[in-house]
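Residue numbers (the working numbering), protein chains in the order written: chain A, 1 to 230; chain B, 1001 to 1706.
Structure (structure tokens):
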């Protein structure tokens, strides 16, 4: 592969967004847009408080994503803001896959376990979860140490260590995205002092996590994931 | 220069220490649990307590009662030390019985923390450099009987011993040497009669605090002026926390008057919106195995003359989409250096981290050494060098891991041949049209005046480091031109003619300059600026700065020859000329504390020194204070005796949740006098380059993988 091929690879990266020709003006315009959007979403959040946001039809989403997106596809449903989005894989490095939403937020996943987010705000910067991943995928009983890392309000990285108990919790048949799976549900409870969070993983016979409910952080809360295409 | 090791370890320790308590991120706002008195610092009503706000908190309070008012801005400088600046209206105490408008500074220091039995102890100075209307000193103890019930007792001197004194334990209090005010009344501190005070506060719930105190301040001067009636030594107060940030208080004072206070508390470490809403960074692209791309790994591609231009173009485009600009690139079989101007990220490590990831996607596999050089005003100011294998291996790890393996250098020291400027970057033109506020405070006739201006600014960079810049302003609306157009200053009118400039300068040419920034040698930075440098002066300003990339210390000299501009701020000059300049030392004390000393000759020809201390947070908040002492006699300087002020910088990114390098800085000077006045020229070198150097970069390194 020559240098030009690398150049091509860069240009094809699906994350890149358009931007104006005049940087100063573009920056200014985006600031104003940002403020407007922030104000609007604030309003929406207030209106939505206690409201009845309908769960998006994930099956419709999955079907259309399978047609239009190449590569691995994930559907994520977030507790916070109760919204659902499709994510397509845009990269893989060291066993960590990066999935991106159409509006260029990203989720970093290692063997089906979320180890990072970007662009959601107050993101999970990174996580060490290898021991937990091993137990979950082998559907075994055990405890594992995890470290979650976040930025505090000053922008300084703070680790959050957790001790996690993992145990299988029965078999379950699933069907979504035009496929059906025989899975074992694996339950995980992670604790640090008064903080206790629950995760669930639906694991297939070969150790693949096809569906999960995972805690991401105190700000983002939990999210559900379905692996539409591995 | 490899200054990595020692400072890196420090960073690692900090992260290690914080492991335990990161879980307690949410919860009630602790700052609002510190009840503040009517002087804006922790207190009951008029009397202080031994409490302090959480470190770093910035608070403001506006208190009104019976024709009097106090507006206080306070800052929790360290865990123990609080400082406050106050502007007060004291009825009837001016010569001739008019209202006195007074500025005052307070310090409050928690000597001992509360123990199981021992109460907390604090010592304080109230109004210790002003004209002294509130001058008092105190020792105070506070004990929590339960978390919601606190008792306070203390001993006050000065004004806080005007009622019920118990004698003078430390000798007589000499009369106040009033002079022009503004000097520390050191010989009075803790002298003269002392009087006890005490009180209690009770918090029935999280929003409400009830307070009662026996006050040792009898307001005798106000009573003497016939402005106040005092029937009781008891004061009562109710604080109600309206929102996390705001607290409303009501008081019943001296048995006769009602008072009201609005207070706000800002935690600079807490963002009002979620931080990190920008689009996700491009992920690292791992290289294929050597067997899969033998040509790329062999470096044979270097013989293809089209590779470098192609790579450079692609990197430039990807960076442009990320708010950065590729000014130049050098590429060999194993090493690539990119020179990047960051236009978006206040935290430089975020810019560097994103650049590193873009490089992994664009460079042929044999390139292992990545050098990312920050460009500021056309100068290369710092280079961070990574092994590409480290970037690939540590993308999913804590940011301190990649920091441990990064190396900081002066770009001049490690420069290698083959740097190719990106075509089309220079000349570079940019313009902006923006609203601008100018505010005049502390005029007794009208304590707050403001103008809203429209500012049109432009910069034209002919080549790296050579910048033509200008700005004009036009007033939209405002009332600063109503400031009195009389100037009785005995010193050369280098600053006190401000009302004339405000009145006549509409529209005004604010600045029109040609500046040349350069790197004359390793660790050295230089600037020469010619033209209309600021509102009141034009001429030549030149500066040389020594600052190794990994040094806490920087040294600089600045020499200016300037002439005073005409009031209309067009092209003309008045007939005042002066050579002015300073030798400066800058020191980064760590934990965000930055000190600076400037020694030299000021605009009015007075000779002296300016001492500054700033507290900078990693997210860009900055709070500082400065004072200037010169040989100008206080009788010539006039009211205030010497120049001093406080300044606050707020990063805009905090309000948006997305990165922008834009910040707002305001300096509050209690008085605008001619002594100790420095030229206000744009682009001073230290602040221009500091954020790209190792110290600040390490403080902000958490954003590297964002």
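For glycine and all other residues, C-beta sits at the position ideal for the given N, C-alpha and C.
If we ignore side chains and look at the alpha-carbon of each, how far apart do residue i and residue j end up?
{"i": "residue 1231 of chain B", "j": "residue 1122 of chain B", "result": "29 Å"}
{"i": "residue 1265 of chain B", "j": "residue 1544 of chain B", "result": "40 Å"}
{"i": "residue 1204 of chain B", "j": "residue 1219 of chain B", "result": "31 Å"}
{"i": "residue 59 of chain A", "j": "residue 119 of chain A", "result": "25 Å"}
{"i": "residue 1275 of chain B", "j": "residue 1246 of chain B", "result": "22 Å"}
{"i": "residue 1670 of chain B", "j": "residue 1680 of chain B", "result": "18 Å"}
{"i": "residue 1428 of chain B", "j": "residue 121 of chain A", "result": "34 Å"}
{"i": "residue 68 of chain A", "j": "residue 100 of chain A", "result": "14 Å"}
{"i": "residue 1207 of chain B", "j": "residue 1049 of chain B", "result": "19 Å"}
{"i": "residue 1617 of chain B", "j": "residue 140 of chain A", "result": "45 Å"}
{"i": "residue 1408 of chain B", "j": "residue 1550 of chain B", "result": "7 Å"}
{"i": "residue 1263 of chain B", "j": "residue 1189 of chain B", "result": "29 Å"}
{"i": "residue 1626 of chain B", "j": "residue 1072 of chain B", "result": "18 Å"}
{"i": "residue 1555 of chain B", "j": "residue 194 of chain A", "result": "50 Å"}
{"i": "residue 1090 of chain B", "j": "residue 1225 of chain B", "result": "10 Å"}
{"i": "residue 1301 of chain B", "j": "residue 1365 of chain B", "result": "10 Å"}
{"i": "residue 73 of chain A", "j": "residue 1649 of chain B", "result": "44 Å"}
{"i": "residue 1151 of chain B", "j": "residue 1448 of chain B", "result": "38 Å"}
{"i": "residue 1115 of chain B", "j": "residue 192 of chain A", "result": "27 Å"}
Based on the DSSP secondary-structure assignment, which residues constitute the bridge partners of residue i?
{"i": "residue 1051 of chain B", "result": "For residue 1051 of chain B, which the question treats as bridged, DSSP gives no partner whatsoever."}
{"i": "residue 1546 of chain B", "result": "B/1524, B/1555"}
{"i": "residue 1108 of chain B", "result": "B/1082, B/1124"}
{"i": "residue 226 of chain A", "result": "A/75, A/211"}
{"i": "residue 1058 of chain B", "result": "B/1075, B/1266"}
{"i": "residue 1239 of chain B", "result": "B/1209, B/1249"}
{"i": "residue 1160 of chain B", "result": "Per DSSP, none; premise fails for residue 1160 of chain B."}
{"i": "residue 1514 of chain B", "result": "B/1468, B/1530"}
{"i": "residue 1660 of chain B", "result": "Residue 1660 of chain B is not bridged to any residue."}
{"i": "residue 1328 of chain B", "result": "B/1339, B/1421"}
{"i": "residue 1378 of chain B", "result": "Per DSSP, none; premise fails for residue 1378 of chain B."}
{"i": "residue 1174 of chain B", "result": "For residue 1174 of chain B, which the question treats as bridged, DSSP gives no partner whatsoever."}
{"i": "residue 981 of chain B", "result": "The structure shown does not extend to residue 981 of chain B, since chain B is modelled only from 1001 through 1706, so no value can be given for it."}
Helix, strand or coil: which one does DSSP assign to residue i?
{"i": "residue 1416 of chain B", "result": "coil"}
{"i": "residue 1704 of chain B", "result": "coil"}
{"i": "residue 1302 of chain B", "result": "helix"}
{"i": "residue 235 of chain A", "result": "Here chain A comprises residues numbered 1 to 230, so residue 235 of chain A is not present and cannot be evaluated."}
{"i": "residue 153 of chain A", "result": "coil"}
{"i": "residue 59 of chain A", "result": "helix"}
{"i": "residue 1223 of chain B", "result": "helix"}
{"i": "residue 1481 of chain B", "result": "helix"}
{"i": "residue 53 of chain A", "result": "Below a pLDDT of 50, predicted positions are generally treated as unreliable, and residue 53 of chain A, at 34, falls in that range; no measurement from the model is reported."}
{"i": "residue 1689 of chain B", "result": "helix"}
{"i": "residue 1046 of chain B", "result": "coil"}
{"i": "residue 1312 of chain B", "result": "helix"}
{"i": "residue 1617 of chain B", "result": "coil"}
{"i": "residue 1503 of chain B", "result": "helix"}
{"i": "residue 48 of chain A", "result": "With a pLDDT of only 34 at residue 48 of chain A, under 50, the local geometry of the prediction cannot be trusted, and the value read off the model is given with reservation. Helix."}
{"i": "residue 1322 of chain B", "result": "coil"}
Classify residue i as buried or exposed, calling it buried when 16 or more other Cβ atoms lie within 10 Å of its own Cβ.
{"i": "residue 1243 of chain B", "result": "exposed"}
{"i": "residue 1694 of chain B", "result": "buried"}
{"i": "residue 1156 of chain B", "result": "buried"}
{"i": "residue 1640 of chain B", "result": "buried"}
{"i": "residue 52 of chain A", "result": "Here the model assigns residue 52 of chain A a pLDDT of 30, short of 50, so the residue's position is not dependable, and the following value carries that caveat. So residue 52 of chain A ends up on the exposed side."}
{"i": "residue 1057 of chain B", "result": "buried"}
{"i": "residue 1479 of chain B", "result": "exposed"}
{"i": "residue 1074 of chain B", "result": "buried"}
{"i": "residue 179 of chain A", "result": "exposed"}
{"i": "residue 1342 of chain B", "result": "buried"}
Residues of chain D with CB closer than 8 Å to the CB of residue i, please, in chain order.
{"i": "residue 151 of chain A", "result": "Looking at the structure shown, chain D is missing, and the protein chains on hand are A and B."}
Would you call the stretch 1123-1141 of chain B and the stretch 1100-1110 of chain B in contact, with 3 or more CB pairs under 8 Å?
-> Contact annotation: the stretch 1123-1141 of chain B touches the stretch 1100-1110 of chain B, with at least three C-beta pairs closer than 8 Å.
At least three beta-carbon pairs within less than 8 Å, the stretch 1284-1292 of chain B to the stretch 1080-1090 of chain B = Here the stretch 1284-1292 of chain B does not lie against the stretch 1080-1090 of chain B, with fewer than 3 beta-carbon pairs under 8 Å apart.
Kindly confirm or deny that the stretch 1340-1353 of chain B and the stretch 1488-1500 of chain B touch, where touching means at least three C-beta pairs closer than 8 Å.
-> Output reads no: the stretch 1488-1500 of chain B does not touch the stretch 1340-1353 of chain B.
Could you tell me whether the stretch 1575-1582 of chain B touches the stretch 1548-1563 of chain B, using the rule of 3 or more Cβ pairs below 8 Å?
-> At 8 Å Cβ cutoff, the stretches touch.
Give a yes or no on contact between the stretch 182-201 of chain A and the stretch 127-143 of chain A, applying the rule of three or more CB pairs nearer than 8 Å.
-> Proximity of the stretch 182-201 of chain A to the stretch 127-143 of chain A meets the contact definition, three or more beta-carbon pairs being nearer than 8 Å.
Using 8 Å as the threshold, is the stretch 1389-1399 of chain B in touch with the stretch 1495-1511 of chain B, meaning 3 or more CB pairs across them?
-> Taking a contact to require three or more Cβ pairs closer than 8 Å, the stretch 1389-1399 of chain B and the stretch 1495-1511 of chain B do not qualify as touching.
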